[in-house]
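If you're matching positions, the sequence shown starts at 0 in numbering that gives the first Met the number 0 and goes up one per residue.
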Amino acid sequence: MNEQDLADLDDEKLHHALESAEEMEHPDKLDLHTSADAVRALREHWKDSRKRAVRTGLLGLDQTLGGGLRAGDLMALAGPTGQGKTGLLLQIARHTARDGARVLYFSCEIEETESAARLAALERYHLPDAKDAVGFGDILDGKPSDAMTAEAIDLVEAASASLYIEQIPDGGTVDDVRAKVKALRESYPDDPLVVIVDPLQRLFVGDGGARSGSVARSMNASETERIGQVGLALKRLASDTRAAVIFGSDSTMQAASDDGRGSSSGLRGSYILSNAATSIFWLHVDDDPEKLVKKLDQERLEWARGVHEINMGVAGLPKIQPLGPKPAALECRKNRRGRRNVAIPLVSVPGANLFLDGDVVPSQVPGASR
0 MNEQDLADLD DEKLHHALES AEEMEHPDKL DLHTSADAVR ALREHWKDSR KRAVRTGLLG
60 LDQTLGGGLR AGDLMALAGP TGQGKTGLLL QIARHTARDG ARVLYFSCEI EETESAARLA
120 ALERYHLPDA KDAVGFGDIL DGKPSDAMTA EAIDLVEAAS ASLYIEQIPD GGTVDDVRAK
180 VKALRESYPD DPLVVIVDPL QRLFVGDGGA RSGSVARSMN ASETERIGQV GLALKRLASD
240 TRAAVIFGSD STMQAASDDG RGSSSGLRGS YILSNAATSI FWLHVDDDPE KLVKKLDQER
300 LEWARGVHEI NMGVAGLPKI QPLGPKPAAL ECRKNRRGRR NVAIPLVSVP GANLFLDGDV
360 VPSQVPGASR
């Protein structure tokens with residue numbers, strides 16, 4: 000059957016052709032998987048609700064990921080300290096829980112009280128009758144105490160059926176994370192599962208499994224080795240538990256100064272970590288739109304200005320203006336699920352723990368892969 004024959008097949012004939020491929024017999028002596036085995040696996044994949052794409056709530060990010068987060072994914076959200084990675088990760092946690100996933104958020108830095116206040120600020124912004132946005136710092140301090148803030152807090156509390164927040168103490172290990180995730184998976188074997196670790200750099204290698212105490216200590220003695228091994232452990236966890244795992248990652252000092260242009264990702268522990276990650280996104284935020292443009296090289300100026308123009312239109316919303324919205328962009332540097340070299344325009348509203356997004360804007364780089 001040639002390409003023209005395939006093009007002329009209608010849906011019914013194509014379905015029959017797939018079934019015929021499944022029924023083909025091969026000599027028993029060949030212990031090899033065939034295209035028929037791949038088709039059977041695809042059909043089973045369609046039936047498995049755990050493997051459906053879970054939407055993040057950011058249209059541009061979901062489009063770039065080919066529909067959303069999928070089981071087995073390991074996604075990195077990188078950038079310098081203070082750019083808003085925690086806020087974006089909590090926003091993704093909220094929306095993926097609303098999209099039907101079980102979400103386990105591991106905080107290695109902020110207290111659970113702050114996580115609750117951030118989520119409440121996010122919920123308050125989305126209330127239909129809300130005319131303004133309230134900063135999470137005010138909610139953390141117990142003000143304002145109006146009815147809308149109380150309603151937002153009630154919504155955060157009600158999300159407990161699907162959103163779990165775990166505090167990782169200083170010195171916590173990736174084995175601690177694994178135990179919690181496995182327990183949740185065993186309790187809900189058929190649900191999509193999203194795991195968020197914020198940030199990965201605070202985790203250590205444990206001495207469980209085949210690792211002795213001396214081996215774990217040796218790995219933890221080198222930051223690069225430790226971070227790389229933690230990343231590999233999270234990748235195995237995603238595969239073993241059929242979860243989508245996202246981790247926040249601080250950048251190296253060099254990457255922070257040049258926006259990571261000196262390496263493929265700018266991640267601390269970058270070589271092993273970059274190899275393990277399914278996708279890597281770099282968060283750019285700046286007070287000055289012109290500075291955001293200047294951070295990018297000559298080939299990306301058109302891309303950056305496109306982000307700038309979209310952001311300035313969205314940032315004019317009176318609802319968020321008092322909280323000082325900032326132009327931002329989420330840049331895809333690696334993506335095994337779809338296009339890379341894509342910039343996702345955002346507006347950061349730090350006080351409200353909120354990011355707003357616009358359309359996907361491809362980087363205008365000659366010959367860049369899509």
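For every residue, glycine included, the Cβ atom is placed at its ideal position computed from N, Cα and C.
TODO: Within the same chain, show all residues whose beta-carbon is closer than 7 Å to that of A92, passing over the 5 residues directly before and after it, in chain order.
DONE: V102, Y104, L162, I195
TODO: Give me whichever residues DSSP pairs with Q166 in a beta bridge.
DONE: S106
TODO: Inspect the beta-carbon positions of P326 and G83 and report whether they are closer than 7 Å.
DONE: no
Open item on the list: On the DSSP bridge list, what partners appear for G66?
Closed with: Paired residue(s): none; G66 is not in a bridge.
Open item on the list: Comparing C-alpha positions only, which one of A182, W281, R177 sits nearest to G230?
Closed with: If we check each option's Cα against that of G230, R177 comes out closest.
Task: Contact under 7 Å by Cβ, R244 with R225 - done: Sequence check: residue 244 is Val here, not Arg. Taking 7 Å as the Cβ cut-off, V244 and R225 do not qualify as a contacting pair.
- [ ] Classify T55 as helix, strand or coil using the three-state DSSP reduction.
- [x] coil
TODO: Measure the CB-CB distance between A333 and S248 and report whether it falls below 7 Å.
DONE: Correcting the residue identity first, residue 333 is Lys in this sequence and not Ala. Their beta carbons are not under 7 Å apart, which means K333 does not touch S248 by this criterion.
Open item on the list: Could you check whether the Cβ of L266 sits closer than 6 Å to any heavy atom belonging to the ligand COA?
Closed with: The ligand COA is not part of this structure, which contains no ligands at all.
Open item on the list: Please classify P317 as buried or exposed, where buried requires at least 16 neighbouring CB atoms within 10 angstroms.
Closed with: exposed
- [ ] With a cut-off of 8 Å on the beta carbons, I'd call L199 and L192 a contact; round off their distance for me.
- [x] With a Cβ gap of about 18 Å, L199 and L192 do not count as contacting.
Open item on the list: What does DSSP give as the partner residue(s) for A77 in the beta ladder?
Closed with: S248, W281
Open item on the list: Measuring only the C-alpha atoms, how far is G168 from L233?
Closed with: In the sequence as displayed, the identity of residue 168 is Pro instead of Gly. Going from the Cα of P168 to the Cα of L233 covers about 18 Å.
Task: Selection from V38, I343, D190 that minimises the alpha carbon distance to L242 - done: Reading off the sequence shown, one finds Ala at residue 242, where the question assumed Leu. Nearest of V38, I343, D190 to A242, Cα basis: D190.
Open item on the list: What does the alpha-carbon distance come out to for the pair T223 and I271?
Closed with: Their Cα atoms are separated by approximately 9 Å.
Task: CB of L329 within 7 Å of CB of L345, strictly - done: yes
TODO: Just confirm the distance between the C-beta atoms of H94 and T63, as a whole number of angstroms; I'd bet it's less than 8 Å.
DONE: That belief does not hold up - the Cβ atoms of H94 and T63 are roughly 16 Å apart, past 8 Å.
TODO: Alpha carbon to alpha carbon, how far is T85 from Y187? Give it in angstroms, no decimals.
DONE: Computed Cα separation, rounded: 26 Å.
- [ ] For T112, count neighbouring Cβ atoms within 10 angstroms of its own Cβ and tell me buried if that reaches 16, exposed if not.
- [x] exposed
Open item on the list: Check this for me: beta carbons of S250 and A77, under 7 Å apart or not?
Closed with: yes
TODO: Go through the segment 323-355 residue by residue and report every complete run of the beta strand (DSSP E) that reaches 3 residues or more, in order.
DONE: 325-334, 341-348
TODO: In the DSSP assignment, find the unbroken beta strand (DSSP E) run with V180 in it and report its ends.
DONE: For V180, there is no enclosing beta strand (DSSP E); the enclosing alpha helix (DSSP H) has its first and last residue at 173-186.
- [ ] Compute the distance between the beta-carbons of T120 and N352, then report whether it is under 7 Å.
- [x] According to the sequence shown, residue 120 is Ala rather than Thr. Going by C-beta atoms, A120 is nearer than 7 Å to N352.
Open item on the list: Given this structure, state the Cα-to-Cα distance separating R69 from V53, to the nearest angstrom.
Closed with: 6 Å
TODO: Please state whether DSSP places R241 in a helix, a strand or coil.
DONE: coil
Open item on the list: Using only the alpha-carbon positions, how far apart do D175 and Q166 sit?
Closed with: 11 Å
Task: Simplified DSSP assignment, three categories, for L300 - done: Note that L300 scores a pLDDT of 37, beneath 50, so its modelled location is shaky and nothing firm can be said.
Task: Opening and closing residue of the alpha helix (DSSP H) in which L88 lies - done: 84-97
Open item on the list: Taking the alpha carbon of I343 as the reference point, which residue from D286, L58, P79 has its own alpha carbon closest?
Closed with: If you compare the alpha carbons of D286, L58, P79 with that of I343, the shortest gap goes to L58.
Task: Separation of L60 from D356, as counted between CA atoms - done: 9 Å
TODO: Give the DSSP bridge partners of R101, in chain order.
DONE: L192
Open item on the list: Taking the alpha helix (DSSP H) that H32 belongs to, which residues open and close that run?
Closed with: Note, H32: premise wrong, no alpha helix (DSSP H); not H, not E.
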